[in-house]
Structure formats: structure tokens, C-alpha cells
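This report concerns only the one structure given below.
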């Protein structure tokens, strides 16, 4: 062992190229989201907090620079970079509160790349890469919840196309999206997992109505009603009655949850700076709570980076991705809670209200952060996945 | 970004693990802990023969020049095996201190210590200052050709069987490192009976003769560095123990039948297990990130402090949750869970009270007002 030289093994730092990309994206968002650019562009009824026009313009500029498809393979017109680039883009978008998280490629990219035929790909991908289109994911339904075997929306063949009936619920961005990726029953006699198909549907078609339901944080989620809605034959994405495995396969999408860590990092930085700038920074219990959250932030970053690292090696991290999701989303709640406590009653004031500190950020955070622990697989389901995939514990009989 | 150990690190881990599986299963760990000197001297000698005791000492000083990651790997395996061994006090603290501050005349002692033939321990903690080397009050006074020590040290691991101590003491010039023979006149060793597995003693110095190692009052920078490395290795030990406790409880809940099914199939158990895995992994990541930063020479104050918070928290939470999963039988002494549970609780105060650990993080975050 004598004289053996240390060669670094474990390394949590980004490689130089990825760090350079992060710096570039950071500069892009710092400019795009500068106060003089965002003034007058607010829309509290949208999850992003910004108007649709502002969001589309920003996404087009991100598309022009090749950011939206940075991790899409080159043969499909993307940047061909590893998935970690997409994750870092999500982190920076969240950190800067930019409406560039739920892009068409983020939400529906893996479905289109994985299952679309050549003609569909040619039709959708260029616009997705360019940031010229918004898309939604419409899987769940009022009666389905987290148990997607209970999907009731149906699609039947008629003429050269399909007729869709049913209601899709809790759809982010439905009111502004051109398309929704949905799964419907196509063989009512087959077991659910073998009797569904996936569709990419133009939401401007007849028989389709989007209702906006206000959330407790003032923005809206969409409910999409299909009433004998006729869609063309090329709305079918992938294979007939293969909707279930395709839906599961779309989990191959980037899952580090780095966007959550972008918000968490920014929020905790603001609270630490707040403590430094007031007498709070000298109070023991405040220092301890901020320190504890800083440790948890480090853990959240470790979990997210572990997912990035595995994805870049071509692996599909299952329980690691669930751990990253659970940890980051619950950390966001803890940071928001401390934010409200440190800011006092003024912390509860929304943006635009007189004397709202940090432009109402923590009022919004305190309400908002219930949402990520429930969406994209409630954290209870994620914990089930961790126990099953990570610890080989048996499920319910 | 890379989350894999190098081949040489992996093989070190595999070698340590294989040796401990062979020589320190849970029955052996119990026997060693209950007997004298509180660990298996043959196992310690084997660590010496394999060169592992030299890892904390730079090659230039006659050691193996191990990285902090390697120290942590050994720690993690010891934690996993719940193996009582003077890895902290004997190797990472005393051995490293002798290597760092001992002069040429100490080379023979160091070589013997690294072979596992000279048993050393490290005297840091005091009744009023359990963890902070800068808070040391043990009095060092010059007397003719040597020094005399007066005061009390506490929680000196495996001290009753040590042949010599490296003690931090304060002279007019500041905190220095001193060599004290175990049989020195004016030194009394009092065995303490604790939940820990490192056979702690109290050392009472009443004019005990000592040799100064290094400069008078000049021990702190180097001792601080090696104590950081030792603390990170202890963090890894806690992480290893947390994961082992989780695995032990998982093995139980997969087999244990209640109400007609394996209790591991109940969601209450599965969700608890998922949380335990997150805590155990959080500890491991925190320990190794701190270790890699120390090795790379990056600023590490924040990360070393965070590792201590995360790992003590995780080890205590995971071992307690494991007891909840195992029910009453886990409380029996002949079940292994108690080993990790006790070690987690004994190790945490060695890294400072919870408030102190958090305060170190807060200080690194520069939260001071204005």
C-alpha cells in the first residue's frame, strides 16, 4: 500500500463542460428574467405566474439556443447531450422562476421520441424543439386518481379516425396547450393494462372542452371534457392497446427532480440572506433551523445528482428517482414553512399586496408546495416504489 | 461527477469487509466488547499487517498516505460490522497525530503503532469541553527537561489497555500535543461504564510527566485537520451502521408473519423503510462528499459540519425506526440491533451536542447579522 497515490473516485461536482453549460443557462435566464423584462407580464392564474405570451416568447428564445432539446438525440434535431444537461436547465429555470419547466419536450418528449412514427415525429418534434408549441399530459381522471387502471375515457375507431369520450382531470397547462397526450380505453373487454392506447390529441378540435378549475393557490388546473370528440387516425401514438406499457415507459424521461432543487436552493438562499440582513441571523434557533435545512438541501442535491449520474450512464434509476422526488418535494414544504415563520404575518401577503416581502414569494410557496408532493405520483406511491424497487419489500397481497 | 469508488478503493472496501465478516461477526463483536481490552487485539494486529493502520499517516512520514475517502471506507465497514476497534482513537487520532507532530525521534514509536504493536489512545475531551480542541484546559507546565500535566481528560477510548497517550494540553503558549506513558506517575486511569463500545476511561493527571511533540502551543492547525478527517470517518461509520441496522430489520420484516402475511408487506412498514433508506443514503452521501472535498483540497468546512449533522441524525433515526419495525424481540440483547443503536447514540456526542453541530453549519453559512 505504500506510496499508493490518491486518485479521486467519488466526485459530486459537475464536470467542466456541464458546469460551463450551467453558467451559460444561468446568464440566459438572468437576462430573460430581469425585472425590466418581466414587468407587466404576470398572470397569477397560470402555474408559471406569467402570461402565456411571455412564456411562449421565452420558450422560443430558449428553443433558438437549443436549450429545450439539449438532451434530445442529434438524429432527431436535438443537442445530443446527456440527460444531465436537461436536468441542469431545469434547475436554472426553477432557480430563476422562469416559465420554462413544463415545456412540450419535458412533458411529452419521451412519448413522442419513443412511440411516434416518422411522420408524427416530423410534424411535432421541430416545433417542440423550437419552443413553438405547448403540450399537456392528460392521464388521470376524476375516478382514476393514482390508480390508472381505472381510466374510463374511451376511444373507438370510426372511419379513419377515433371517437373519444370521457373526462381527464388535474391537467397542468391544459388551457394553453395545443396538444394533450392521453391514454384511453380502446378494448373494454381486455384487462386495463392490455386494453388502453395512447393518443396525442389536438385540443382545438370539436367535441373537446377545457375547463379551468382554480387551485388553492389561485392558478388553474385543467379538466378536459371529450364529448364524442372526433380525432384523426394519426392521433394514435404508438401501438394499439399498448398505451399502458407506453405510459410506464415514458418514465424513462429525465427524473432527477433538479427543478425542485432549483426552487429549494433559491428559497433557502433568500432566507439565509434575510437572516444575515436582520437580527434573525443572531438568534440561535433560527440559525439551527437554517443550518438543518442547508444539510437537507445537500441531501436533496445528492439524491438528484445520483439520478443524473445513473441516467447519463444509460441506466434507468427507479427507486433513486423516487427518493429524489420525495425528498426534494418535502424539503420544499419545510423551507416554505420556515419562510412563513421567519417573515411574520407579512410573509402571508401575496405578490402585489402592499408590504409583501420578497414580492409575496413565501405566501405563494407556502400554499404551492402541497402540489408537488401530490403530482406525478403522490409521495405515498413513490415510497411504495422505493420499498419495492430499492428494498425488495413485498407489496400488498 | 462520479459516484463510484476507484478500483483500489473498492478493493480496500472488499478486503476490509471480507476480513470483518470472517473475524468480527456479531457474536465476535459482542465477545470483544464484553471482554478485555474491549476489542480483538489479533484483529487489530491484522489491520497493522495489512497496512491499514498506516492509512491515516502520510507516506512521507512512514504511513500509507491514505485519502479521507479510504479512511471513511474502513470506517463504514467497521460501522456495518458494529466492530469495536480503536480505529478512531488509536489510528485516526493518536496514530495520525504522532505522524503529524512527532519528530524523527518518534519514528520508532510510530512504526510500532502502525504495525499494531504499540497501543495508543488520544486524550481530547474534557469535562467542560467534550469536542473542541481549542477549548482544551488540561494544564501543561514546563519542569526541568520535560513537562507536567494537570487536569482531567474524559472519554479516552480503550485507554485502560493503551500503552501511551497523545494528549492535548494547554501551556502559556497555547494548545500543544503531549506524549504520556500509560504507567507514568501521577496518571490515574478510571474505567467508565457507558453505552459506547469504545471502553472509555477518565484520565486524571496530577503532575504526570509528558513529552511535548511539535511546537509548544502549536498543535491546533494540524490536529484540527486530522480531527476533521477522523470526524468524517466517524460519519461514515455511522452511515454504515445505519444501513446495517436497516438491512437487519428488513431481513426480519420479510420473514416475520403476522395477521397472515409478512409484516414487510404492510404499507406502514414499507413507508417507514423507504424513509430509513433515504436517511441512510443521505448519511453516506454526506460523509463521502465531505471526504472527497478534504481530499481534493476544496473548502470543506461546511461539508464536514453538514456530514456530522446528517450522519448523527440518520444513524439515530434509522436505528430507532429499525427497533419499531422489529418489535419487542429487537430489544433483546442477543439480537444485533442493539449494537448499532447503542453505537449511534454513543458516537453522536463525540461530534458535539446537536446544537453545536448545527451551529458549526450556521457559522460556515455566515448567518451572522449585518
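Protein chains in written order, with this note's numbering: chain A, 15 to 411; chain B, 11 to 380. The beta carbon of each residue, even a glycine, is placed where N, CA and C say it ideally should be.
Given a cut-off of 8 Å, decide if residue j and residue i are closer than it, judged by their beta-carbon atoms.
i	j	result
residue 197 (chain B)	residue 223 (chain B)	no
residue 94 (chain B)	residue 208 (chain B)	yes
residue 353 (chain A)	residue 364 (chain A)	no
residue 160 (chain A)	residue 380 (chain A)	no
residue 331 (chain B)	residue 286 (chain B)	yes
residue 65 (chain B)	residue 34 (chain B)	no
residue 349 (chain B)	residue 38 (chain B)	no
residue 46 (chain A)	residue 75 (chain A)	yes
residue 250 (chain B)	residue 85 (chain B)	yes
residue 101 (chain A)	residue 107 (chain A)	no
residue 312 (chain B)	residue 371 (chain B)	yes
residue 215 (chain A)	residue 249 (chain A)	yes
Go to residue i, then tell me how far its alpha helix (DSSP H) extends in each direction, as first and last residue.
i	result
residue 335 (chain B)	311–336
residue 238 (chain A)	Counting along the chain, residue 238 (chain A) falls outside any alpha helix (DSSP H), though it belongs to the beta strand (DSSP E) covering 234–245.
residue 59 (chain B)	51–59
residue 149 (chain A)	That residue, residue 149 (chain A), is in no alpha helix (DSSP H); its beta strand (DSSP E) goes 149–152.
residue 129 (chain A)	118–129
residue 17 (chain B)	17–33
residue 168 (chain A)	Where residue 168 (chain A) is concerned, there is no enclosing alpha helix (DSSP H), although the beta strand (DSSP E) it sits in stretches over 168–172.
residue 369 (chain B)	364–374
residue 258 (chain A)	257–263
residue 283 (chain A)	272–291
Quick check on residue i - is its C-beta less than 8 Å from some C-beta in chain B?
i	result
residue 26 (chain A)	yes
residue 15 (chain A)	With a pLDDT of only 36 at residue 15 (chain A), under the threshold of 50, the placement of this residue in the model should not be trusted, and no figure is reported.
residue 20 (chain A)	Bear in mind that a pLDDT of 43 at residue 20 (chain A), under 50, signals an unreliable position, so the number given afterwards is only what the model happens to contain. Yes, contact with chain B.
residue 412 (chain A)	Limits of chain A in this structure are 15 at one end and 411 at the other, which puts residue 412 (chain A) out of reach.
residue 34 (chain A)	no
residue 313 (chain A)	yes
residue 408 (chain A)	yes
residue 405 (chain A)	yes
residue 139 (chain A)	no
residue 356 (chain A)	no
residue 90 (chain A)	no
residue 319 (chain A)	yes
residue 105 (chain A)	no
residue 2 (chain A)	Any answer about residue 2 (chain A) is impossible in this case: the structure gives chain A only from 15 up to 411.
residue 265 (chain A)	no
residue 195 (chain A)	no
Looking at chain A, is there any beta carbon in it that lies within less than 8 Å of the beta carbon of residue i?
i	result
residue 365 (chain B)	yes
residue 319 (chain B)	yes
residue 103 (chain B)	no
residue 295 (chain B)	yes
residue 15 (chain B)	yes
residue 24 (chain B)	no
residue 248 (chain B)	no
For residue i, report the span of its beta strand (DSSP E) as first-last.
i	result
residue 212 (chain A)	210–216
residue 164 (chain B)	156–166
residue 181 (chain A)	175–185
residue 222 (chain A)	222–228
residue 216 (chain B)	211–223
residue 193 (chain A)	193–199
residue 153 (chain B)	149–153
residue 130 (chain B)	130–133
residue 186 (chain B)	184–191
residue 175 (chain B)	174–181
Assess, as a yes-or-no matter, whether the segment 254–268 of chain A is touched by the segment 204–219 of chain A under the definition of 3 or more beta carbon pairs within less than 8 Å. yes
Any residues in the segment 259–286 of chain B with a beta carbon nearer than 8 Å to a beta carbon of chain A? Which ones, in chain order?
260, 263, 264, 271, 272, 274, 275, 277, 279, 280, 281, 283, 284 and 285
Would you call the segment 267–274 of chain A and the segment 317–327 of chain A touching, i.e. three or more CB-CB distances under 8 Å? By the criterion of at least three beta-carbon pairs nearer than 8 Å, the segment 267–274 of chain A is in contact with the segment 317–327 of chain A.
Exercise for review: Check each residue of the segment 234–249 of chain A: if its Cβ is closer than 7 Å to any Cβ of chain E, include it; give the result in chain order.
Suggested key: Chain labels in this structure do not include chain E; the protein chains are A and B.
Check whether the segment 129–146 of chain B touches the segment 171–180 of chain B, taking contact to mean three or more Cβ pairs, one atom from each stretch, closer than 8 Å. yes
Assess contact between the segment 73–80 of chain B and the segment 38–46 of chain B, defined as three or more Cβ pairs (one per stretch) separated by less than 8 Å. Is contact present? No, they do not touch.
Flag this pair as touching only if the segment 21–34 of chain B and the segment 32–47 of chain A have three or more C-beta atom pairs under 8 Å; answer yes or no. no
Does the structure place the segment 109–126 of chain B close enough to the segment 310–325 of chain B that three or more beta carbon pairs sit under 8 Å?
no
- Task: Report yes or no: do the segment 329–347 of chain A and the segment 387–407 of chain A share at least 3 C-beta pairs separated by less than 8 Å?
- Result: yes
- Item | Positions along the segment 296–314 of chain B whose CB lies within less than 9 Å of some CB in chain A | 296, 298, 299, 301, 302, 303, 305, 306, 308, 312 and 313
| Which residues, in chain order, does the segment 329–351 of chain B contribute to contact with chain A at a C-beta distance below 9 Å? | none
Problem set entry | Validate contact between the segment 240–255 of chain A and the segment 165–179 of chain A using beta carbons, cut 8 Å, 3 pairs | yes
Self-check item: Short-range partners of chain B found in the segment 319–340 of chain A, where Cβ spacing is below 9 Å
Solution: Within the segment 319–340 of chain A, contact with chain B at the beta-carbon level (separation under 9 Å) is assigned to 319, 320, 322, 323, 324, 326, 333, 334, 336, 337 and 340.
_At least 3 beta-carbon pairs within less than 8 Å: the segment 150–169 of chain A vs the segment 180–195 of chain A_ = yes
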